[in-house]
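Here is the structure we will look at.
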Amino acid sequence: MKLTEDVIYRNSSQFRNWSFTPTQLAELRLKTNIQACERVKANVARQRAQRAAIALDGGGASASDSERGNTPGLENGNGNENGNSNGGTPMRLDKEVDCLTVAEEMRLVDFCCETTIDLAKFIGLPSDVTATAVQFLRRFYLYNSPMTYDAPVVSRTITFIACKTDNANPNLDDYVAKLGKVTRDQILAPEYLIVQALRYNFEVRHPFRGLKGAHLELGEIARGAYTPVAPDTRTPSDLQAAITALPLPTSGAITDKKTISIENRLNNAYGFAANILKRTAQLTDAYFLFTPSQIMLASLLLADEPLTTFYLSTKLPSDSPTYTKLLTTLRSCAILFSSHRSYTSSTLSPEEQKAVKDKDKAEISALRKKLKNCRDPDKMDLVKLNQAQKRDAENASGGGLEESKAKRRKIAREKAEKEADDFWGPELGKK
Amino acid sequence: MSRAASRAPGANKRLAEDGGASQSFLSSSLRKLSLQQSQQHDPQSASRPADSSSDICNVCKSSRYLNPNMRFLVNPECYHKMCESCVDRIFTHGPAPCPIAGCNKTLRKAKFRTQTFEDLKIEREVDIRRRVAKAMNKEESDFERLIDYNNYLETVEEITWNLILRIDVDETERKLRLWEDAQKAELNPNATFRRIADQPEASQLSEGSHVVLKKGGTQRKALAASSGNTPDPFAVDESGKRDTGFVFQGLKKRKAPPAEKPFDPFDGWSIEPQQYTLQEVHDYKWLTAYDSDPAYYVGGWDTRDYYSRMMEEAFGGMCVFLEDEKVRPLGSGSVEIGTQNAASVAQGMKDVVMDDVF
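Chains as they are written, first to last, in my numbering: chain A, 1 to 431; chain B, 1001 to 1358.
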């Protein structure tokens, strides 16, 4: 009954619930998108029919507004709320809702991940908390669409949840103060919903700690103090000689120097890989498609290829099929990283970077404009939705039930007060 | 042996009831016996009027009339009743002979107690039965056949009545003690027992002999040699078998319970990494600085734990290839179901509503 590190990983919730093949991932996103579109269309149609009915009764836009104001519990208060906010540009009844495509959704979520990283940096959160927040966000939008829940709203709460799961423990008031223009309720309202959507899987396995471990072992090899695991029969000094004789990488961490001390080489590789992990790895689907160990090794591969292949050869015999397979997997992960915008942007000149940024900005604002017309009207105001669920909701949908409950509570309260009075004796009558 | 014959019906009834000797049965049989027997052995005459005997102390003759708080105590050695103040007076300074004339038993204060039963004969019988039951504690499951168990019960009853009726007391006591020691030795074969000689029988003390407070080694040896009723539990007879006092047919040999294994918190599981072995803690400042930082080491933070976690995360899942393993979801469809639930919850008409706790 032995547990290898792979078996331990297979027991994690990340492997069980949040790991996919590329096709599975695409299918899942498509399915989510289709479901969300259907919901949006159905809700918008229902809302329009409702508004049309009111308009017919009242005979005018202003009259219908007042009507709506007077009957908040008609069918769905939030739908009416949405109607009010869109009052300036009323939607035409016959126009089909133009929903987002999967690619557009992903673009929005990716952008939101970037802003989350920037936001966390602004607040001063450590990088692992940031990474957890980003992964939570990506996981959340695997089963939810930005059309249903708006990404910036969710990202604020998700960052707060990530702080709590990773022991950063911010005070909610401080957090709100740092964000500005946000109330406590806006942070807390979607919390339960998000946690449900994350299926209570609070653990995200990050590659950061693993990278430190690998860096440490490489350092030991360089010092000649590392004894390799079983199938490898080389002595520590053999390994030391081998690592110092490695050719310099052609791309990645060091490209400009002819010679470099092994210590500096390791440090450079570590720094380069850590940067990839902190930003590029978060903005891609790497966490869904690869294990954290593979992500770590892929980033190391990008940083210093000869070093990484040498390091792998101390772990697996170079002629074994596993080794070849692992290297293929690592390369596909490395390609995923190196093809991402955030990886290539560092090589661009400032003007080019600015151009890319502007282009992004225009793209995103166009998408957000489109999103505005295809939001799910039922899920617009999360704070109200949350309040409606709470115990003493005043205008909850099941009015009758709430009323009886309220009555029961009132009686119980009065009874408790009465008993307290009895305990201290009846009040003295006034003369 | 006429007495043994007279109690035979009682023994048979015990067998029939399988040890259920009720008190009413006891007292009735005792009453019958007391009618049959002469009264010479009885320590206290039961025929004496109860009120007068219970109200006056036989030693100091003070009566309850003068001292309403008087308590009477008995010693299971001889069952002579005396008042509390007499006990305090006579026995505070150590063992002393019983002050009742004709009784030479040496009594100790610690053994005095208030009697439980009004009839002292019953008190004594209950004591003896308790003692015998403690030594003879076999159950039916310890025997191979029912008849063996019944024979055992018969023997137990015989011992009990021998002691109660003072027949062959020395021999029975000797056997019983041997049996007790044999049982103890069987329960705990590694223990060593040191036999301390019992106090000499009252009959051996002459009328005027002084009370023996402490026995010296020579005295003890002499006693052991002379009386011969202080058995050596480790004495081995000619047949090479230890003398256990009694031999019961069909008694199963006691099986020692299996030794308890040392507690394993992981229930046999162990973590055995394939891709790395933990080396000595490395000399890296960013890592080893924590070892000397009280904020960390006071809380039990250990660099080695962190090191082992780093290595586990570095290689945990290195050879897990998702495109192979995730083709069909493991756990057959649990992921799908979870997906459906999550999707319906997130997009559905209603989120999960928590129950009203009030």
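By construction, the Cβ of each residue, glycine as well, lies at the ideal position given by its N, Cα and C atoms. Here the structure is a predicted model, which is why all the values come from computation and not from measurement.
Based on the DSSP secondary-structure assignment, which residues constitute the bridge partners of residue i?
i: Leu-277/A; result: Leu-277/A is not bridged to any residue.
i: Pro-1097/B; result: Thr-1106/B
i: Arg-1399/B; result: Nothing about residue 1399/B can be read from this structure; chain B reaches only from 1001 to 1358.
i: Phe-1143/B; result: Leu-1251/B
i: Ser-1270/B; result: Lys-2/A
i: Ile-1056/B; result: Ser-1063/B
i: Met-1082/B; result: Leu-1073/B
Mind listing the chain B neighbours of residue i? Cutoff is C-beta to C-beta under 8 Å, in chain order.
i: Ile-8/A; result: Ile-1271, Glu-1312, Gly-1316
i: Gln-24/A; result: Lys-1326
i: Leu-297/A; result: Met-1318
i: Met-380/A; result: The contacting residues do not exist; Met-380/A stays about 14 Å from chain B at best.
By Cβ distance, which residues of its chain are closer than 7 Å to residue i, with the 5 residues on each side in sequence left out?
i: Leu-336/A; result: Thr-284, Ala-286
i: Cys-1103/B; result: Cys-1078, His-1080
i: Ala-197/A; result: Phe-140, Tyr-143, Asn-144
i: Tyr-1297/B; result: Asp-1291
i: Pro-231/A; result: Pro-317
i: Gly-219/A; result: Leu-266
i: Cys-113/A; result: Val-134, Leu-137, Arg-138, Gln-282, Leu-283
i: Asp-1142/B; result: Leu-1251, Lys-1252
i: Thr-157/A; result: Ile-187, Pro-190, Glu-191, Ile-194
List the residues of chain B whose Cβ lies closer than 7 Å to the Cβ of residue i, in chain order.
i: Glu-305/A; result: Neighbours of Glu-305/A on chain B: none; closest Cβ ~17 Å, over 7 Å.
i: Phe-290/A; result: Leu-1322
i: Tyr-226/A; result: Gln-1279
i: Gln-135/A; result: Going along chain B, no residue has its Cβ under 7 Å from Gln-135/A, so there is no contact; the nearest lies around 15 Å.
i: Ala-209/A; result: The sequence given here has Arg at residue 209/A, not Ala. By Cβ distance, chain B contributes Arg-1309, Met-1310, Glu-1313.
i: Glu-213/A; result: In the sequence as presented, Glu is not what sits at residue 213/A; that position holds Gly. The contacting residues are Met-1310, Met-1311, Glu-1313, Ala-1314.
Would you report the Cα separation of residue i and residue j, rounded to the nearest angstrom?
i: Asp-173/A; j: Arg-184/A; result: 7 Å
i: Arg-1014/B; j: Asp-1181/B; result: Low confidence applies to Arg-1014/B: its pLDDT is 43, below 50, so where it sits in the model is not reliable enough to give any reading.
i: Ala-388/A; j: Val-134/A; result: 29 Å
i: Val-154/A; j: Pro-190/A; result: 7 Å
i: Thr-1155/B; j: Leu-1066/B; result: 50 Å
i: Ser-386/A; j: Asp-378/A; result: What sits at residue 386/A in the sequence shown is Asn, not Ser. Between Asn-386/A and Asp-378/A, the C-alpha separation is close to 12 Å.
i: Lys-1255/B; j: Glu-1140/B; result: 16 Å
i: Lys-1253/B; j: Glu-1272/B; result: 45 Å
i: Leu-1120/B; j: Asn-1075/B; result: 11 Å
i: Lys-1134/B; j: Asn-1190/B; result: 22 Å
i: Ser-313/A; j: Ser-1308/B; result: 21 Å
i: Thr-1277/B; j: Tyr-226/A; result: 10 Å
i: Asn-1188/B; j: Arg-1131/B; result: 21 Å
i: Leu-367/A; j: Asp-238/A; result: 58 Å
i: Ala-1096/B; j: Thr-1106/B; result: 5 Å
i: Arg-16/A; j: Glu-1312/B; result: 18 Å
Might you give, ordered along the chain, the residues of its own chain that have their beta carbon closer than 8 Å to the beta carbon of residue i, omitting 5 neighbours on each side?
i: Asp-1148/B; result: Phe-1248, Gln-1249, Gly-1250, Leu-1251
i: Glu-363/A; result: Arg-107
i: Lys-1138/B; result: Tyr-1149, Tyr-1152, Phe-1248, Leu-1251
Within 10 angstroms of the Cβ of residue i, are there 16 or more other Cβ atoms? Answer buried if so, exposed if not.
i: Lys-1289/B; result: It is Ala, not Lys, that sits at residue 1289/B in the sequence shown. Looking at its Cβ environment, which holds fewer than 16 other Cβ atoms inside 10 Å, Ala-1289/B is exposed.
i: His-1093/B; result: exposed
i: Tyr-200/A; result: exposed
i: Phe-208/A; result: buried
i: Gln-240/A; result: buried
i: Gly-180/A; result: exposed
i: Gly-60/A; result: Confidence in Gly-60/A is poor, its pLDDT being 48 and thus under 50, which makes the residue's placement unreliable; the coordinate value appears in the next sentence. Answer is exposed; the Cβ neighbour count stays below 16.
i: Ala-273/A; result: buried
i: Trp-1179/B; result: buried
i: Arg-138/A; result: buried
i: Val-229/A; result: exposed
i: Asn-1162/B; result: buried
i: Val-1327/B; result: exposed
i: Ala-406/A; result: exposed
i: Ser-1270/B; result: exposed
i: Thr-1192/B; result: exposed
i: Met-1/A; result: exposed
Can you pull the chain A neighbours of residue i, defined as C-beta to C-beta under 7 Å?
i: Glu-1323/B; result: Thr-21
i: Tyr-1290/B; result: Result: empty, since nearest Cβ-Cβ is about 13 Å, beyond 7 Å.
Quick one: residues in its chain with C-beta nearer than 6 Å to the C-beta of residue i, no 5 flanking neighbours on either side, listed in chain order?
i: Pro-146/A; result: Glu-105, Leu-108
i: Met-947/B; result: Only positions 1001 to 1358 of chain B appear in this structure, which leaves residue 947/B out of reach.
Residue i versus chain A: which residues are under 8 Å apart at the beta carbon?
i: Tyr-1284/B; result: Leu-216, Gly-219
Compute every distance between the C-beta of residue i and the non-hydrogen atoms of the ligand ZN, then say whether any falls below 8 Å.
i: Ala-42/A; result: Of the ligands one can find in the structure shown there are none, so the ligand ZN has no counterpart to examine.
What residues of chain A sit near residue i, judged by a beta carbon separation below 9 Å?
i: Gly-1268/B; result: Met-1
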